[in-house]
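Numbering (our numbering), first residue to last: 209 to 721. Heads up: the structure comes next, in structure tokens.
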Amino acid sequence: MIVGGGPVGHRLAERLRRYGHEGTVLLLDAEPVPAYHRVLLTSVLDGGLDPAAVRLPPVPGVRSLRSVTVTGLDRARRRVRTGTGAYHRYDTLVLATGAEPVLPAVPGLRTADGRLIDGVTALRSLADCARVRGDRVIVLGGGPLGLETAVALRRSGRDVSLVHRGPYPLDRLLDAAAGELLARHLVSLGVRLECGQSAARVEPGKLVLDRGRPLAWDTLVCCTGVRARTALARAAGLAVRGGVLVDGALRTSDPRIRAIGDCAEHPGWAPGLLASGWDQAEVLARSLTGRRPVGERRPGSVLRPRVPGLPLGVLGVPLQAGDPAAGEVVTFSDPAGGRYATMALDAAGRLSSAVVVGMSDALAALTQLHDAHRSLPGDRLALLLGRTVTGRRTPTGSAPAASTVVCRCSNVTRETLVRAWHDGAREVRALARATRATTGCGTCADEVRELCARLTAEQPTAGCGPSADEGVDDVDDCDPHAGDRRSRNDRAPAGRGTALPGPGERLARPCPR
Numbered sequence: 209m210i211v212g213g214g215p216v217g218h219r220l221a222e223r224l225r226r227y228g229h230e231g232t233v234l235l236l237d238a239e240p241v242p243a244y245h246r247v248l249l250t251s252v253l254d255g256g257l258d259p260a261a262v263r264l265p266p267v268p269g270v271r272s273l274r275s276v277t278v279t280g281l282d283r284a285r286r287r288v289r290t291g292t293g294a295y296h297r298y299d300t301l302v303l304a305t306g307a308e309p310v311l312p313a314v315p316g317l318r319t320a321d322g323r324l325i326d327g328v329t330a331l332r333s334l335a336d337c338a339r340v341r342g343d344r345v346i347v348l349g350g351g352p353l354g355l356e357t358a359v360a361l362r363r364s365g366r367d368v369s370l371v372h373r374g375p376y377p378l379d380r381l382l383d384a385a386a387g388e389l390l391a392r393h394l395v396s397l398g399v400r401l402e403c404g405q406s407a408a409r410v411e412p413g414k415l416v417l418d419r420g421r422p423l424a425w426d427t428l429v430c431c432t433g434v435r436a437r438t439a440l441a442r443a444a445g446l447a448v449r450g451g452v453l454v455d456g457a458l459r460t461s462d463p464r465i466r467a468i469g470d471c472a473e474h475p476g477w478a479p480g481l482l483a484s485g486w487d488q489a490e491v492l493a494r495s496l497t498g499r500r501p502v503g504e505r506r507p508g509s510v511l512r513p514r515v516p517g518l519p520l521g522v523l524g525v526p527l528q529a530g531d532p533a534a535g536e537v538v539t540f541s542d543p544a545g546g547r548y549a550t551m552a553l554d555a556a557g558r559l560s561s562a563v564v565v566g567m568s569d570a571l572a573a574l575t576q577l578h579d580a581h582r583s584l585p586g587d588r589l590a591l592l593l594g595r596t597v598t599g600r601r602t603p604t605g606s607a608p609a610a611s612t613v614v615c616r617c618s619n620v621t622r623e624t625l626v627r628a629w630h631d632g633a634r635e636v637r638a639l640a641r642a643t644r645a646t647t648g649c650g651t652c653a654d655e656v657r658e659l660c661a662r663l664t665a666e667q668p669t670a671g672c673g674p675s676a677d678e679g680v681d682d683v684d685d686c687d688p689h690a691g692d693r694r695s696r697n698d699r700a701p702a703g704r705g706t707a708l709p710g711p712g713e714r715l716a717r718p719c720p721r
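Next up, the structure:
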């Protein structure tokens, strides 16, 4: 039995069937709609994907019950109780309950009975996306989700203000130099930044900042953090800290109960990352079906927020300046060119952490080295600038190594994509079907499309996706670019900031399947 129908619970169910599990698989989901990619909600916000397009395909042989809230665990009798009073028995129970939003204690945010006032929402579900209405939107919180939400809403043509108490968005992850480049780019996109300020109170249609200035809004989106959903586990007496404590086999303190995804806590997996959750689903599915373990392929912490026109990545946990644990530190700064990178290495020359802004090739190379726990080449600057160790610059547009992992969620290498392309998968959607690349968090979609374009240029008679003037009716449900070709005005409204890219200039969209 799996409690939780998000991407991680869905992946576990799919893997159990793929690996030959013949017993019953029951998935209990509190949401009323079929499973969907939660990480693609911002693509729904900006109109790039319809809500139906982010749905995950049903898993044959899995019984899914929707709108079912589990309210209690009876560990002695091995059964769960639902909100309707029904009971379901289990042999093995898997908690995949995910995380829940943390909302700020701002006066006026809630009604007397504790409900959010009209026009205020978090962003954790498709229903939350539907609550975003009107032209004036305030995003409260400048973390990764707040950043992507503000950008997505701006791309939809709305007037967007991002309110963040730090000096710039992602200030817990970026130093001042990187933060300045990010802030500058957001302003160029037309996002209005209100940094160094907090919300003092909420009034109908107004957010009053701590300095007394009011901001008008039609919708207020709170992106102020999440916490693991542990109430069910805690009430059942399972060991809980920040999340449900698990061992390397994802067992909780009750060996018949496992936990995966955002609700689970284990020092070997980076929290809050889809790649970690899918890796856990793989480990657990193999364990439950008696297959050989996959070994230590646990992905490191890699955050790559989707910001159009700005390659941005945070690898590992950035160290503070002067931290003795930093070891060797290499920094490259080119403010005029919009480029910046800083990386800390351990005694063996391996990457401990890095922040990269505006340098896509360097980000790809460092991510590969970080995942593989390999030492960096001696010429650190050459690595960042895309030069060979002899000092000569590699040809413009040259390809990374074949072993480079392009899609971290599904562990798809460049070599695998090239092979699939030569086997006939000549479009992004076809590559997605053949390799599963782009079907996770979506951050690799641009790289996959660039690879497709490069291969097409080398073999001009081959196609690379539908042409820009094709109609949407000619595209199947898995087309990651269907939303890009809609006849809609993606320019900024008059007087509301910098014009946004038009439909023909939009970034590639990830395939939802």
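Glycine included, C-beta positions come from ideal geometry on N, C-alpha and C. Small disclaimer: the values here were computed from a predicted structure and weren't measured.
Query: Would you be able to state if there are at least three C-beta pairs under 8 Å between the segment 309–317 and the segment 405–414?; Result: yes
Query: By how many angstroms is the C-alpha of P375 removed from the C-alpha of G476?; Result: 32 Å
Query: Could you tell me how far apart the beta carbons of R437 and G306 are, in whole angstroms, since I believe they sit closer than 8 Å?; Result: 6 Å
Query: Compare the Cα-Cα distances from M551 to each of R226, T292, V564 and report the closest residue.; Result: V564
Query: Would you mind working out which of V340, A590, L389 sits nearest G255, comparing C-alpha positions?; Result: V340
Query: Please list, in chain order, all residues of the same chain as C652 whose beta carbon is under 7 Å from its beta carbon, the five residues on each side excluded.; Result: V614, C615, A645, T646
Query: According to DSSP, what are the bridge partners of G485?; Result: G485 pairs with nothing; no bridge assigned.
Query: Out of curiosity, what's the CA-to-CA distance linking L220 and D487?; Result: 10 Å
Query: At what residue ranges does the segment 430–465 contain a whole run of the beta strand (DSSP E), taking only runs of 3 or more?; Result: 434–436
Query: Is the segment 235–244 touching the segment 262–277 in the sense that three or more CB pairs, one from each, lie closer than 8 Å?; Result: yes
Query: List, from N- to C-terminal side, the beta strand (DSSP E) runs of 3 residues or more that fit wholly inside the segment 301–372.; Result: 301–303, 307–309, 344–348, 367–372
Query: If I'm right that L301 touches S369 with Cβ under 8 Å, what's the distance once you round it to whole angstroms?; Result: Not really, about 44 Å apart at Cβ, beyond 8 Å.
Query: Ordered along the chain, which non-local residues of its own chain (more than five positions away) have a Cβ less than 7 Å from that of A493?; Result: L220, R223, L224, Y227
Query: What's the call for E490, buried or exposed, on a 16-neighbour Cβ count within 10 Å?; Result: buried
Query: Rounding to the nearest angstrom, what Cα-Cα distance links A386 and D418 in this structure?; Result: 26 Å
Query: Could you pull the start and end residues of the alpha helix (DSSP H) that T643 belongs to?; Result: 636–643
Query: Quick check on Q246: buried or exposed, where buried means 16 or more other Cβ atoms within 10 Å of its Cβ?; Result: Note on identity: in this sequence residue 246 is Arg, with Gln being the wrong assignment. Classification of R246: buried, given that the 10 Å Cβ count is 16 or more.
Query: Can you grab the Cα-Cα spacing for the pair C686 / A261, in whole Å?; Result: Only weak support is given to the placement of C686: the predicted model assigns it a pLDDT of 35, under 50, and the question is left unresolved by the model.
Query: What would DSSP say about A408, mapped onto helix, strand or coil?; Result: strand
Query: On the three-state DSSP scale, how would you describe H296?; Result: strand
Query: Of the residues R512, G217, A457, V525, which one's Cα is nearest the Cα of R499?; Result: A457
Query: Whole angstroms is fine: what's the gap from P312's alpha carbon to T329's?; Result: 12 Å
Query: For G451, count neighbouring C-beta atoms within 10 Å of its own C-beta (all shown protein chains included) and say buried if the count is 16 or more, exposed if not.; Result: buried
Query: At the level of alpha carbons, what is the spacing between A700 and R449?; Result: Residue placement at A700 cannot be trusted, given a pLDDT of 35 that sits under 50; what the coordinates show is reported in the next sentence. Rounded to whole angstroms, A700 to R449 spans 45 Å at the Cα level.
Query: Leaving aside the five residues before and after G354 along the sequence, list all residues of the same chain whose C-beta is less than 6 Å from its C-beta, in chain order.; Result: V347, C431
Query: Is it the case that the Cβ atoms of G217 and A304 are separated by a distance below 7 Å?; Result: yes
Query: From V211 to A642, what distance separates their C-alpha atoms?; Result: 30 Å
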